[in-house]
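Only one structure is covered here, and it is reproduced in the block below.
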Amino acid sequence: MNTYFSWSRFVNLLKFDFNLNKKKYFLAVLAIFVLLVFASYLVIDDQYKINKSLVSYYSFKYKLSNYRTFCAFCYITLAAIIVCNAFNFLRDKRETSQYLVLPASTFEKFICEFFIRIVVFNILFVVLFWLSFKISGYAFVQYHIYNPVDVNLYRLLEIPNFGLFDQFKSTTNDLDRNVALLALFSLSTFMLAGASYFNKYSFFKTILTFGGLLLFAYFINLATYHIILPNKVDVFDIEIIDRKISDKMDTDQLAMYLMGAISSLFLLPFAYFKLKEKEV
Amino acid sequence: MISISELSYAYSKKEVLFKNLNFNQEAGNIVGLLGKNGAGKSTLLKVIAGLLDVKKQSVSVNDFIPFKREPDFLTDVFLVTESPFYPSLTIGSYTKAYSAFYKNFDPLKMSEILEDFELKPSQKLSKLSHGQQKKFTIAFALATNSKLLLLDEPTNGLDIHSKSIFRKVLVRSVDGDQLVIISTHQVKDIESIIDKIVILDKGEIIFEEEMFSIVEKLQFKRVTSLEEKAVLYSEKSIGGYDVIMPMHNDEETNVDIELLFKAVLDRAEIKL
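From first to last, the protein sequence lines stand for chains A and B. Taking this note's numbering, the leading residue of the first sequence gets 109, the next gets one more, and so forth. Taking this note's numbering, the leading residue of the second sequence gets 2, the next gets one more, and so forth.
Take a look at the structure:
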């Protein structure tokens with residue numbers, strides 16, 4: 109039998125997890141959907157009010173760029189909640205004992221959580237977000253048809269027919285889009301690592317750690333600038349120096365790309381080994 | 002089956018639990034691991050089950066290093082902790098989901114034991130009493146047919162009737178190629194079923210003997226006075242004294258584990 113991965117054991121593990129948590133998962137999906145419907149409605153309504161205050165006679169057309177920003181915000185918020193609470197069995201000592209001695213490899217247990225909390229969540233999020241936005245958009249238009257402020261206004265309301273994957277369409281260049289997606293993936297892996305590392309209050313501790321690391325990076329930068337390039341820093345205000353690497357890329361851009369895209373390569377093994385070293 | 006040599010383990014620098022502990026057990030036995038609260042029984046079971054990292058020390062169970070938690074190792078070891086986790090599922094559905102991981106799981110054995118314990122597959126685990134939950138876990142543990150069963154305080158929460166059924170079911174269900182280690186401080190509960198006694202005190206094994214050896218070499222009696230008797234240990238009781246004496250007249254007596262346990266903990270000179 110394979111020590112690290114066996115397909116049948118992995119399927120058993122998924123079934124086991126689903127049997128234990130199906131109610132929790134169903135309620136989570138339902139809550140996310142309801143939340144997204146309400147949030148989408150509020151965002152559309154908000155945008156409508158802004159447009160209305162700007163021009164007296166207007167055509168309200170919801171833009172794809174608004175849709176994308178809102179989508180990214182929702183994704184990060186929900187991913188933080190869902191992924192930071194991965195490895196749920198680590199929150200309770202009795203459950204931890206039982207799960208650690210469950211006859212499956214640590215790798216299978218890790219992949220199972222990765223699959224549910226990242227792969228399944230991402231797929232569900234894309235579908236739920238698109239569906240909730242459609243429903244909210246439809247409800248918004250219907251509301252204004254039956255409750256017109258101005259009889260002619262409803263004709264001018266327009267929610268474009270966004271496709272399922274429209275939020276992934278590139279606005280500038282493909283590299284930026286790909287790096288942004290990889291950065292979001294890295295953020296998810298950071299949360300997964302936090303969930304594996306912290307036993308209790310993993311959500312708050314992971315968020316605090318993330319903030320702490322950002323602050324740490326900032327202060328390290330600040331100190332380095334004060335030592336090496338004191339003329340480029342004004343107490344706390346750093347003047348980032350960047351150089352052109354090519355026509356399309358600067359050094360600071362490259363640094364952000366590397367950090368955003370590659371950090372998952374370190375974070376995933378970190379999460380795995382933290383799980384492997386768990387004791388009760 | 003279990004080979005632990007020179008094990009040292011500490012929760013912190015100040016709190017040393019085991020120092021050079023040796024513990025070796027073979028299949029075909031039901032071992033009573035006895036000791037007061039905090040003696041290190043549960044910790045020892047956790048080390049054997051792979052829940053604690055003892056770094057590079059010599060611990061081998063079924064030729065595996067427990068803390069590596071390899072699936073082939075885990076499928077042949079079942080640990081019943083003092084308070085296991087019970088999800089909100091029925092006995093039937095939990096058994097179906099959980100048993101898939103144990104290659105030797107016997108569903109027929111499971112239903113027989115459940116019947117003995119008066120439990121039904123339709124009952125919800127989370128709504129069972131503590132004792133009933135314990136009975137379910139014991140039933141499941143026995144049905145896995147794991148080579149090594151580690152039972153940590155299995156009789157805690159069981160009523161007198163259930164304790165008696167537990168003993169019967171355990172003796173009936175265990176084969177010669179299995180090793181059962183029962184850790185308890187309620188020594189009376191297991192005195193009729195164990196083959197071997199191991200007494201742990203302050204992280205040290207202070208007594209380890211086969212039951213037949215104890216029966217052959219010691220006598221457990223109640224006497225009215227202690228005069229002219231070679232008593233190894235005595236304790237005042239109603240109408241006299243409960244005593245442990247060396248064997249004479251080849252008269253075998255029932256082993257009073259509780260008395261033996263107290264004698265060993267009081268460091269009485271009991272050499273077999």
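Just so you know, even glycine gets a beta-carbon here, dropped at the ideal spot from N, CA and C. Bear in mind that the values here come from a model prediction, so they are computed numbers and not experimental data.
With distances taken between CB atoms, is the gap from D140 of chain B to L150 of chain B smaller than 8 angstroms? Correcting the residue type first, residue 140 of chain B is Ala in the shown sequence and not Asp. It is not a contact, given that the beta carbons lie outside the stated cut-off.
Using a Cβ-Cβ distance under 8 angstroms, would A379 of chain A count as near chain B? no
Determine the extent of the beta strand (DSSP E) in which V388 of chain A is found, giving its start and end residues. Where V388 of chain A is concerned, there is no enclosing beta strand (DSSP E), given that its DSSP letter is neither H nor E.
Residue range of the beta strand (DSSP E) that I31 of chain B falls in? 30-35
Under the three-state reduction of DSSP, which class applies to K203 of chain B: helix, strand or coil? coil
Could you give the distance in angstroms between the alpha-carbon of Y175 of chain A and the alpha-carbon of F270 of chain A? 9 angstroms
Specify the secondary structure class of T185 of chain B as computed by DSSP and reduced to three states. strand
Taking 7 angstroms as the cut-off, is the C-beta of I200 of chain B nearer than that to any heavy atom in the ligand MN? This structure does not include the ligand MN; it has no bound ligands of any sort.
Look at the Cβ atom of A379 of chain A, then the Cβ atom of L290 of chain A, and state whether they are nearer than 8 angstroms. no
Any idea if P377 of chain A is buried or exposed, counting beta-carbon neighbours within 10 angstroms, 16 or more meaning buried? exposed
Could you give the distance in angstroms between the alpha-carbon of A188 of chain A and the alpha-carbon of A212 of chain A? 27 angstroms
I'd like to check one pair, L201 of chain B with G280 of chain B: are the Cβ atoms closer than 8 angstroms? Summary: the structure shown does not reach residue 280 of chain B, with chain B confined to residues 2 through 273, and so no result is reported for it.
Contact check, S148 of chain A vs S294 of chain A, beta carbons under 8 angstroms: no
According to DSSP, is V256 of chain B helix, strand or coil? coil
Looking only at C-alpha atoms, which of A:V151, A:Q155, A:Y207, A:I184 sits nearest to L128 of chain A? A:Y207
Using a Cβ cut-off of 8 angstroms (strictly closer), state whether N127 of chain A contacts chain B. yes
Just reading off the beta strand (DSSP E) that R70 of chain B is part of, what are its end residues? Looking at the DSSP string, R70 of chain B is not in any beta strand (DSSP E), and its letter there is neither H nor E.
Close Cβ partners of L330 of chain A (< 8 angstroms) along its chain, the five nearest in sequence each way excluded: V341, F344, I346
Could you tell me which whole alpha helix (DSSP H) segments of length 4 or greater appear in the region 288-358 of chain A? 310-336
Hey, quick one: how far does the alpha helix (DSSP H) through N230 of chain A stretch, first residue to last? 229-254
Using a Cβ-Cβ cut-off of less than 7 angstroms, give me the residues of the region 210-234 of chain A that come near chain B, in sequence order. L210, P211, A212, S213, T214
Does P88 of chain B come out as helix, strand or coil in the three-state DSSP assignment? coil
Go ahead and label L210 of chain A buried or exposed: buried means 16 or more other beta carbons lie within 10 angstroms of its beta carbon, across all protein chains shown. buried
Proximal chain A residues relative to S94 of chain B, where beta-carbon distance stays under 7 angstroms: N127
With 8 angstroms set as the bound, which would you pick, yes or no: does the beta-carbon of D257 of chain B sit closer than that to a beta-carbon of chain A? no
Residues of chain A with a CB under 8 angstroms from the CB of E71 of chain B: which are they? T111, S213
Which of helix, strand or coil DSSP assigns to K237 of chain B: strand
Looking at the secondary structure, which residues open and close the alpha helix (DSSP H) in which V284 of chain B lies? This structure does not reach residue 284 of chain B, given that chain B is present from 2 up to 273, and the question cannot be answered.
Compare the C-beta of A101 of chain B against all C-beta atoms of chain A and say whether one is closer than 8 angstroms. yes
Rounded to whole angstroms, what is the Cα-Cα separation between I5 of chain B and S147 of chain B? 20 angstroms
Give the residues from the region 29-52 of chain B that approach chain A closer than 8 angstroms (Cβ to any Cβ), ordered along the chain. K47, A50, G51, L52
Would you mind working out which of A:F324, A:L321, A:T111, A:L366 sits nearest T76 of chain B, comparing C-alpha positions? A:T111
Between N25 of chain B and S59 of chain B, what straight-line distance do the alpha-carbon atoms span, to the nearest angstrom? 11 angstroms
Check whether the Cβ atoms of V232 of chain B and M248 of chain B lie closer than 8 angstroms to each other. no
List the residues of chain B that L289 of chain A touches, going by C-beta distances under 7 angstroms, in chain order. The premise fails here: L289 of chain A is roughly 34 angstroms from chain B at the closest Cβ pair, so nothing lies under 7 angstroms.
Count the other C-beta atoms from every protein chain shown that fall within 10 angstroms of the C-beta of E16 of chain B, then say buried if there are 16 or more, exposed otherwise. exposed
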